[in-house]
Amino acid sequence: MIQIDNLSFGYKKDKPLFQNLNLSLSRGHIYGLLGKNGAGKSTLLKNMVGLAYPLTGTCSIDGINASKRLPAVLENVFFLPEEIYVPALTTNQFVSHTAGFYLKFDKEAFYEYLSEFEVPREAVLDKLSFGQQKKMMIAFSLATNTDLLVMDEPTNGLDIPSKVQFRKIIASALSDDRCVIISTHQVRDLESLIDTLVVVHNREIIVNQELDSIAERLLFTTISSKEGQEVLYSEDSVRGISAILPNPEGVYSRVDMELLFNALTQENTAILSLLNAKQLHHAI
Ligand SMILES: Nc1ncnc2c1ncn2[C@@H]1O[C@H](COP(=O)(O)OP(=O)(O)OP(=O)(O)O)[C@@H](O)[C@H]1O
Numbered sequence: 009m010i011q012i013d014n015l016s017f018g019y020k021k022d023k024p025l026f027q028n029l030n031l032s033l034s035r036g037h038i039y040g041l042l043g044k045n046g047a048g049k050s051t052l053l054k055n056m057v058g059l060a061y062p063l064t065g066t067c068s069i070d071g072i073n074a075s076k077r078l079p080a081v082l083e084n085v086f087f088l089p090e091e092i093y094v095p096a097l098t099t100n101q102f103v104s105h106t107a108g109f110y111l112k113f114d115k116e117a118f119y120e121y122l123s124e125f126e127v128p129r130e131a132v133l134d135k136l137s138f139g140q141q142k143k144m145m146i147a148f149s150l151a152t153n154t155d156l157l158v159m160d161e162p163t164n165g166l167d168i169p170s171k172v173q174f175r176k177i178i179a180s181a182l183s184d185d186r187c188v189i190i191s192t193h194q195v196r197d198l199e200s201l202i203d204t205l206v207v208v209h210n211r212e213i214i215v216n217q218e219l220d221s222i223a224e225r226l227l228f229t230t231i232s233s234k235e236g237q238e239v240l241y242s243e244d245s246v247r248g249i250s251a252i253l254p255n256p257e258g259v260y261s262r263v264d265m266e267l268l269f270n271a272l273t274q275e276n277t278a279i280l281s282l283l284n285a286k287q288l289h290h291a292i
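Per my numbering, the sequence shown starts with residue 9, numbered consecutively.
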């Protein structure tokens with residue numbers, strides 16, 4: 009659905025943020041785009057949806073260059089920015105002014121999402137709290153039913169129950185036709201929600217891999233001692249030592265995204281090369 013070829017981008021020509029970046033994202037997935045503050049997540053998302061223009065290279069949506077901003081493409085794309093500004097309208101007025109841009113908008117689903125998020129449906133939007141405004145916009149973005157849904161830090165400003173609701177609602181709104189991309193620097197917010205991890209670091213995409221494939225290559229476990237173990241990365245925790253080990257026998261474990269993210273952003277080359285190795289050689 010999204011194809012990025014040799015993207016180079018910088019807000020200033022002499023300060024590139026990305027150089028020759030390549031990325032391909034498909035329908036039927038929920039991608040988590042992770043990167044440290046300032047890594048360029050928002051900028052990458054803006055390039056994807058045609059709100060920032062590559063210096064060289066292309067970003068295309070279903071084969072059409074996103075920079076062209078063609079209405080036929082945009083009616084099937086929803087981008088929820090990190091900072092939102094809502095007008096002084098009721099939800100109903102907002103829907104009647106805006107939903108027409110999205111051919112597959114589902115009004116019933118919108119009000120269902122609103123009630124799941126406990127946002128009052130009669131409210132005037134600019135009188136809602138920031139978290140409520142964000143939840144209203146998340147509900148709207150899901151109800152557009154666009155094939156491409158891009159959300160920049162959607163969980164910022166949400167309280168803990170709302171983050172749980174968010175994960176539930178997004179999971180229910182995924183279909184085989186839809187490609188959902190969610191960026192965050194709060195790794196835990198994406199746990200049990202995304203199926204594919206994309207990590208941007210040092211101007212590059214260092215990982216773009218399904219969690220199942222990561223779990224095949226790496227073993228996430230808690231150990232009491234590192235003695236005699238081939239530990240690739242570890243952090244002390246209250247329960248012992250949280251560790252990432254190689255997984256030659258293909259034992260299943262749940263990917264600890266926070267641990268993995270910390271290892272990757274500390275440029276753990278052993279983990280990077282295991283993840284990016286083409287072939288797996290599991291013992292039988
Ligand atoms: N409009 C702009 N003009 C100039 N520089 C910008 C602009 N927007 C972002 N930048 C710079 O580009 C870099 C990447 O910013 P970006 O917002 O894409 O990062 P991010 O990974 O989304 O960060 P965060 O997690 O803090 O939201 C930062 O150094 C930022 O200062």
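Every residue gets a Cβ at the ideal spot worked out from N, C-alpha and C, and that includes glycine. Fair warning: this is a prediction, and the values are worked out from it, not measured in the lab.
Query                                                                                                                      : Result
Inter-residue Cα distance where the pair is A291 and A251                                                                  : The predicted model places A291 with a pLDDT of 48, which falls under 50 and marks its position as unreliable; any figure quoted below should be read in that light. If you take the alpha carbons of A291 and A251, they lie about 21 Å apart.
Identity of the residue in G48, T273, I249 and Y110 nearest V81 by Cα                                                      : Y110
DSSP bridge partner residues for D13 (one or two, in chain order)                                                          : T66
Cα-Cα separation between E116 and T106, rounded to whole angstroms                                                         : 15 Å
Alpha-carbon spacing of L253 relative to E91, whole angstroms                                                              : 39 Å
Sequence-distant residues of the same chain with beta carbon closer than 6 Å to N73, five excluded per side                : T66
Secondary structure of K23, DSSP reduced to three states                                                                   : strand
Cβ separation of P162 and I190, assumed to be a contact under 8 Å, to the nearest whole Å                                  : 6 Å
Backbone secondary structure at F8 - three-state DSSP                                                                      : No answer is possible for residue 8: the residues shown for the chain start at 9 and end at 292.
Closer than 7 Å: K21 CB and nearest ligand 3 heavy atom                                                                    : By its list of ligands, the structure shown excludes ligand 3, since it contains just ligand 1.
K49 beta carbon near ligand 1 (any heavy atom closer than 7 Å)                                                             : yes
Counted within 10 angstroms of its Cβ, other Cβ atoms place S149 as buried (16 or more) or exposed                         : buried
Start-to-end residues for the alpha helix (DSSP H) that takes in A47                                                       : Segment: none, A47 is in no alpha helix (DSSP H) and carries neither H nor E.
Residue of S123, V132 and P89 minimising C-alpha distance to L97                                                           : V132
Residue burial classification, V172 (beta-carbon count within 10 angstroms, cutoff 16)                                     : exposed
Backbone secondary structure at S105 - three-state DSSP                                                                    : Before going further, note that residue 105 is His rather than Ser in the sequence given. The answer is helix: DSSP assigns H105 an H, G or I state.
Beta-carbon contacts of V208 that lie in its chain and below 7 Å, excluding the five residues immediately before and after : L41, G43, A47, G48, K49 and L52
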